[in-house]
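Trainee:
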Amino acid sequence: MIYSDKEKYSSILENSIDYLENRGFENLKADIDGYETPKSYTKKGSDIAVTPDIVATKEGRKYFFDISLKSEKPKLLKSKWLFLNALSNLKSHRFKLITTRGHIQFSKDMLEDINLSDKKLIRI
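Using the numbering used here, the first residue of the sequence shown is number -2, and each one after it goes up by one.
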């Protein structure tokens, strides 16, 4: 999700963290109270910063999670997903998308638009 939607969907972020903890993920970092903030990546020559919603590890492998919700700025969301996907491929990490009921079709359409339709959505 983009930064402007963080407060609006904080309950979904908390539910996602609980889901991941129950699935055995450790060292969770999230941009929410009580958790360490994940590392931000800043675009060179601009003030745009990309921060994954959740970063966790499982069995020695690092995972980037982004929450996929309907947004008023889909272009910004697409560029964030493309960057996180490229970063995870470069460093042999994993990139996953989490979505909820009512946002699944939006997420699938967005993934098709940026040729990431091979990504499976985690539905909470």
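Beta carbons: idealized from backbone N, C-alpha and C, even for Gly.
I need the DSSP call for Asn112, collapsed to helix, strand or coil.
Mentor: Three-state result, Asn112: coil.
Trainee: Could you please give me the residues that DSSP links to Thr96 through a beta bridge?
Mentor: Ser65 and Arg120
Trainee: Is it buried or exposed for Lys77, if we count other Cβ within 10 angstroms and need 16 for buried?
Mentor: It is buried - the Cβ of Lys77 has at least 16 other Cβ atoms within 10 Å.
Trainee: Count the other C-beta atoms from every protein chain shown that fall within 10 angstroms of the C-beta of Ile45, then say buried if there are 16 or more, exposed otherwise.
Mentor: So Ile45 counts as exposed.
Trainee: From this set, Met107, Leu79 and Val47, which residue's C-alpha is nearest Ser1's C-alpha?
Mentor: Nearest option by C-alpha distance: Val47.
Trainee: Are the CB atoms of Ser13 and Phe92 nearer to each other than 8 Å?
Mentor: no
Trainee: How would you call Asp15, buried or exposed, if buried means at least 16 neighbouring beta carbons within 10 angstroms?
Mentor: exposed
Trainee: Out of curiosity, what's the CA-to-CA distance linking Lys116 and Tyr38?
Mentor: 22 Å
Trainee: Looking at the structure shown, is Glu18 part of a helix, part of a strand, or coil, going by DSSP?
Mentor: helix
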